[in-house]
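Chains as they are written, first to last, in the numbering used here: chain G, 2 to 292; chain S, 94 to 189. All C-beta atoms in this analysis are idealised placements derived from N, C-alpha and C, irrespective of residue type, glycine included. Heads up: the structure comes next, in structure tokens.
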């Protein structure tokens, strides 16, 4: 055993068939290894595509919101934690958007150049009203860490409940993506809930800030519940109430105007327009760029 | 109310998938042990390095002093017979 290597990491890295790259790590699993990617007969392809698109957009937009914390967090450790979560979500988004376009090629935006992969065409060449993410994902947290955590907690609690049920999807690809997402989201929820409790049950100031932030995040609660099964609603409510209680935070209602149209139907806030302008600018200006 | 603005320092030890023992990989700041474990997971196992993490407050480690280096370590420098190199180790004895 090479435990006396100058770089401690060398003794930890697992040899993985010539794929070792220090910067990327080693020994990774392919979440779709051995999965048949043809859509099974009997599956409603339009519905499957909409489901993948909505879940993919939720992950993509939340990932972008979290990425904006890089170089801006209060501690380096939490900055890396938020970046890790953003990258997990980006990985989910890539798989889900790719699957959405496989199931329904008509989703691919016509203005995207032909050489651009489906996932990039969907991410960079749609306008705000074509995005299907829930509005809670897009709201600007204004670099308020309590808001960042509150939104992350509500969204990951909901997404974990949704993904845990998609593990049984009749589409084997969506089921495999959901299985990967469940382990990732379990950690995201744990991280966010830990901070909700730490701040809620902290000083008078942190308690008040967390209280306000959770009220702000709860804004999107009706929309999430509108598009969810009753058992998802029950699970999310139970987890949120447990964490609220541990964090000594009482409930404060603030309702999102649902108007029968949700983010899934392309109903969004100005915050998404601003976010997309920044996220898409480089890809649209330089469609031939590689990096 | 006065609070120490900085979190204490923790030392991180990670055991790799095929490693037998935890190795020191670095340090980090955290408010308590639970947060230190989470931070260690986020900072030191994000490239798939580990299956187990230990964290310990840096202040709780008692280290040998560089001034005592000779008294501590020099006497073992010429005791070659303390190495088990004079024995043949059977092939089926692993991890030595």
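Residue from G/183, G/56, G/147 and G/52 with nearest C-alpha to residue 168 of chain G: On the first chain, position 167 is the one that residue 168 of chain G refers to. The candidate whose alpha carbon is nearest that of residue 168 of chain G is G/183.
Cβ shell of residue 130 of chain S (< 7 Å), same chain only, five flanking positions each side left out: Walking along the second chain from the start, residue 130 of chain S turns up at place 37. Hits under 7 Å: 146 and 148.
Pairwise C-alpha distance: residue 51 of chain G and residue 57 of chain G: Residue mapping note: residue 57 of chain G aligns to position 56 of the first chain, counting from 1. Residue mapping note: residue 51 of chain G aligns to position 50 of the first chain, counting from 1. Computed Cα separation, rounded: 10 Å.
Distance CB(residue 280 of chain G)-CB(residue 112 of chain G) smaller than 8 Å: To locate residue 280 of chain G, count along the first chain from 1; it is residue 279. To locate residue 112 of chain G, count along the first chain from 1; it is residue 111. The beta carbons of residue 280 of chain G and residue 112 of chain G sit no closer together than 8 Å.
Under 8 Å by beta carbon: chain S residues contacting residue 76 of chain G: Along the first chain, one-based indexing puts residue 76 of chain G at 75. 100 and 122, listed in chain order.
Span separating the alpha-carbon of residue 163 of chain S from that of residue 250 of chain G: Counting from one through the second chain, the residue named residue 163 of chain S turns up at place 70. Counting from one through the first chain, the residue named residue 250 of chain G turns up at place 249. Straight-line Cα distance between these residues: approximately 58 Å.
Test: residue 130 of chain S CB closer than 8 Å to a CB of chain G: Within the second chain, residue 130 of chain S is the residue found at index 37, counting from 1. Cβ-Cβ to chain G under 8 Å: no for residue 130 of chain S.
Straight-line Cα distance separating residue 224 of chain G from residue 53 of chain G: Position 52 of the first chain holds residue 53 of chain G. Position 223 of the first chain holds residue 224 of chain G. In a straight line, the C-alpha of residue 53 of chain G is about 18 Å away from that of residue 224 of chain G.
Chain S residues whose Cβ lies nearer than 8 Å to that of residue 195 of chain G: Your numbering for residue 195 of chain G matches position 194 in the first chain. What residue 195 of chain G touches in chain S: 127, 128 and 131.
Where residue 70 of chain G sits in the DSSP three-state scheme: For this step, residue 70 of chain G is matched to residue 69 along the first chain. In the structure shown, residue 70 of chain G sits in coil (DSSP, three-state: anything other than H, G, I, E or B).
Contact check, residue 226 of chain G vs residue 234 of chain G, beta carbons under 8 Å: Working through the first chain from its first residue, we reach residue 226 of chain G at position 225. Working through the first chain from its first residue, we reach residue 234 of chain G at position 233. A contact, by the Cβ cut-off of 8 Å.
Contact set for residue 62 of chain G: own chain, Cβ-Cβ below 8 Å, skip 5 residues either direction: Numbered from 1 along the first chain, position 61 holds the residue referred to as residue 62 of chain G. Only residues of its own chain outside the window of five on either side were considered, and among them 132, 134, 138, 139, 273 and 276 have a CB closer than 8 Å to the CB of residue 62 of chain G, listed in chain order.
Pairwise C-alpha distance: residue 150 of chain G and residue 86 of chain G: Your numbering for residue 86 of chain G matches position 85 in the first chain. Your numbering for residue 150 of chain G matches position 149 in the first chain. Going by the C-alpha atoms only, they are around 12 Å apart.
Proximal residues, the stretch 171–187 of chain S versus chain G, C-beta separation under 7 Å: none
Residue 115 of chain G burial status per 10 Å Cβ neighbour count (16 or more: buried): Your numbering for residue 115 of chain G matches position 114 in the first chain. Residue 115 of chain G should be labelled exposed.
Under the three-state DSSP convention, the category residue 188 of chain S falls into: For the purposes of this step, residue 188 of chain S is taken as residue 95 along the second chain, with counting starting at 1. Residue state, collapsed to three classes: coil.
Option nearest residue 157 of chain G by Cα separation, candidates G/32, G/99 and G/194: In the first chain, residue 157 of chain G corresponds to position 156, counting from 1. The shortest C-alpha separation from residue 157 of chain G is found at G/194.
Sheet register partners of residue 116 of chain S (DSSP bridge): In the second chain, counting from the first residue as 1, residue 116 of chain S sits at position 23. Beta-bridge pairing links residue 116 of chain S to S/107.
DSSP state of residue 250 of chain G mapped onto helix, strand, coil: The residue given as residue 250 of chain G occupies position 249 in the first chain. DSSP places residue 250 of chain G in the coil class of the three-state scheme, outside both helix and strand.
Helix, strand or coil at residue 100 of chain S [DSSP, three-state]: Mapped onto the second chain, residue 100 of chain S falls at position 7. Looking at residue 100 of chain S - three-state DSSP - the assignment turns out to be coil, as it is neither helix nor strand.
C-beta atoms of residue 60 of chain G and residue 90 of chain G nearer than 8 Å: Position 59 of the first chain, counted from the first residue, corresponds to residue 60 of chain G. Position 89 of the first chain, counted from the first residue, corresponds to residue 90 of chain G. Contact flag set, yes.
Alpha helix (DSSP H) runs contained entirely in the stretch 55–140 of chain G, provided each spans 4 or more residues: 77–104, 119–125 and 136–139
Separation of residue 153 of chain G from residue 22 of chain G, as counted between CA atoms: Translated into positions along the first chain, residue 22 of chain G becomes position 21. Translated into positions along the first chain, residue 153 of chain G becomes position 152. Confidence at residue 22 of chain G is low in this model, with a pLDDT of 46, below 50, so the placement of that residue is unreliable and no value is reported for it.
Element boundaries [beta strand (DSSP E), containing residue 147 of chain S]: In the second chain, the residue the question calls residue 147 of chain S occupies position 54. First-last of the beta strand (DSSP E) with residue 147 of chain S: 143–150.
Three-state secondary structure assigned by DSSP to residue 281 of chain G: On the first chain, position 280 is the one that residue 281 of chain G refers to. Here residue 281 of chain G sits in helix by DSSP.
Residue 49 of chain G (DSSP reduced to helix, strand or coil): Mapped onto the first chain, residue 49 of chain G falls at position 48. Looking at residue 49 of chain G - three-state DSSP - the assignment turns out to be helix.
CA-to-CA distance, residue 112 of chain S to residue 102 of chain S, given in whole angstroms: For this step, residue 102 of chain S is matched to residue 9 along the second chain. For this step, residue 112 of chain S is matched to residue 19 along the second chain. About 25 Å.
Spatial distance of residue 25 of chain G from residue 140 of chain S (CA atoms): Counted from its first residue, the first chain places residue 25 of chain G at position 24. Counted from its first residue, the second chain places residue 140 of chain S at position 47. Confidence is the limiting factor: at residue 25 of chain G the pLDDT is only 48, short of 50, which leaves the residue's position unreliable, though a coordinate-based value still follows. About 6 Å.
Sequence-distant residues of the same chain with beta carbon closer than 6 Å to residue 237 of chain G, five excluded per side: One-based indexing of the first chain puts residue 237 of chain G at position 236. Once the five neighbours on either side are set aside, the close Cβ partners of residue 237 of chain G are 158, 159 and 162.
Status (buried if at least 16 other CB within 10 Å, exposed otherwise) for residue 43 of chain G: Counting from 1 along the first chain, the entry for residue 43 of chain G is found at position 42. It is exposed - the Cβ of residue 43 of chain G has fewer than 16 other Cβ atoms within 10 Å.
Nearest residue (CA-CA) to residue 196 of chain G, options G/179, G/171 and G/211: Along the first chain, read from residue 1 onward, the residue named residue 196 of chain G stands at position 195. Closest by alpha carbon: G/211.
First through last residue of the alpha helix (DSSP H) which encompasses residue 208 of chain G: As a working note, residue 208 of chain G is residue 207 in the first chain. 205–218 is the span of the alpha helix (DSSP H), which, as asked, contains residue 208 of chain G.
Contact set for residue 70 of chain G: own chain, Cβ-Cβ below 6 Å, skip 5 residues either direction: Translated into positions along the first chain, residue 70 of chain G becomes position 69. Answer for residue 70 of chain G: 83, listed in chain order.
Bridge-paired residues (DSSP) for residue 121 of chain S: Working through the second chain from its first residue, we reach residue 121 of chain S at position 28. DSSP output for residue 121 of chain S lists S/103 as bridge partner(s).
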